Amino acid sequence: MGEIRVIVVEPKNPGNLGAIARLMKNFGLRDLVIVNARRIPSEDMFRSMKGSEILLKAKMVNSLDEATTGLTYLVGTSDVMADSPKSVLRKYITPKEFRHLFSRISGVVGLVLGREDTGLTNEELSKCDFFVHIPSSPEYPTLNVSSAAAIILYELFNVKKVKSDKLASRKEMDFLVSTFRENLKINGYPEHRVEKTSLIFRRVMSRA
Numbered sequence: 001m002g003e004i005r006v007i008v009v010e011p012k013n014p015g016n017l018g019a020i021a022r023l024m025k026n027f028g029l030r031d032l033v034i035v036n037a038r039r040i041p042s043e044d045m046f047r048s049m050k051g052s053e054i055l056l057k058a059k060m061v062n063s064l065d066e067a068t069t070g071l072t073y074l075v076g077t078s079d080v081m082a083d084s085p086k087s088v089l090r091k092y093i094t095p096k097e098f099r100h101l102f103s104r105i106s107g108v109v110g111l112v113l114g115r116e117d118t119g120l121t122n123e124e125l126s127k128c129d130f131f132v133h134i135p136s137s138p139e140y141p142t143l144n145v146s147s148a149a150a151i152i153l154y155e156l157f158n159v160k161k162v163k164s165d166k167l168a169s170r171k172e173m174d175f176l177v178s179t180f181r182e183n184l185k186i187n188g189y190p191e192h193r194v195e196k197t198s199l200i201f202r203r204v205m206s207r208a
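Numbering of the sequence shown is given in this note's numbering, commencing with residue 1 and proceeding in unit increments.
Have a look at this one:
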């Protein structure tokens, strides 16, 4: 089993960074790299966020290439499936498939989280070995970056349970859904969609 490096590309919302850092802390991860932050929070702001120790120790770099030094695999995130000649060649996997893949990998795997507004560029996607796609409602197919991170990191956290397929306890599931709901609210998700989206999230994770 390998290790995970979380790479956040050009974040502009400090709230998203804080949410991702908190998720990393929840799931026992420490290796955070921030690429070309559009708005770099002050140290005082970092300290005020949950998961502040991870943010304060995060590595700041200017390009994705700098962030990928020493990686065995690079895995991108995308909310768009094959709908163009370029994307047809990409290997899309679900978070659960990523969990199984990760269980067989040694070394460090980079998980690339794209920009809040435009995601990853084609050039950045071309550097990735695999792409994690999270199926969602066609009415609102794009997940907030920290919400996507919650789903993926939860799956990776459970990689040790791949053989036993042990279900998460109700307490664990309630905590995960609560964190997911909080992330939605922090990042300005439409209030009238929060409960329905949280319910869908619970059902998806219950089947994982």
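All C-beta atoms in this analysis are idealised placements derived from N, C-alpha and C, irrespective of residue type, glycine included. This one's a predicted model, so the numbers in the text were calculated from it and none came from an experiment.
Proximity below 8 Å, CB of V35 to CB of E10:
Pairing V35 with E10 gives a Cβ-Cβ distance under 8 Å.
Can you give me the C-alpha to C-alpha distance between K148 and V112, rounded to a whole angstrom?
Sequence check: residue 148 is Ala here, not Lys. So the two alpha carbons sit approximately 11 Å from each other.
My guess is that L64 and K127 are in contact by the Cβ rule of under 8 Å, so how many angstroms apart are they, rounded?
Taking C-beta atoms under 8 Å as the contact rule, L64 and K127 qualify, at a distance of about 6 Å.
Taking buried to mean at least 16 other C-beta atoms within 10 Å of its own C-beta, is M60 buried or exposed?
By the 16-neighbour rule on beta-carbons within 10 angstroms, M60 is exposed.
Please go through the same chain and pick out, in chain order, the residues whose beta-carbon is closer than 6 Å to the beta-carbon of D83, but skip the five residues on each side of it.
Confidence is the limiting factor: at D83 the pLDDT is only 48, short of 50, which leaves the residue's position unreliable, though a coordinate-based value still follows. Its chain contains no residue whose beta carbon lies nearer than 6 Å to that of D83 once the 5 sequence neighbours on both sides are disregarded.
Give every residue of the same chain whose Cβ lies closer than 6 Å to the Cβ of L17, excluding the five residues on either side of it in the sequence, and list them in chain order.
Cβ neighbours of L17 beyond the five flanking positions: P11.
8 Å CB neighbourhood of N144 in its chain, flanking five on each side removed:
N16, E116, N183, L184, N187, Y189, listed in sequence order.
Tell me which residues share the same chain as F201 and place their Cβ nearer than 7 Å to its Cβ, disregarding the 5 neighbours each side in the sequence.
Annotation for F201: V177, F180 place their beta carbon closer than 7 Å to its own, counting only its chain and skipping 5 residues before and after.
Is it buried or exposed for L55, if we count other Cβ within 10 angstroms and need 16 for buried?
Per the 10 Å Cβ criterion, buried.
Secondary structure at G114, three-state DSSP: helix, strand or coil?
Residue state for G114 is assigned as coil, using DSSP reduced to three classes.
Taking the alpha-carbon positions, what's the N26 to Y154 distance?
Rounded to the nearest whole angstrom, the CA to CA distance from N26 to Y154 is 9 Å.
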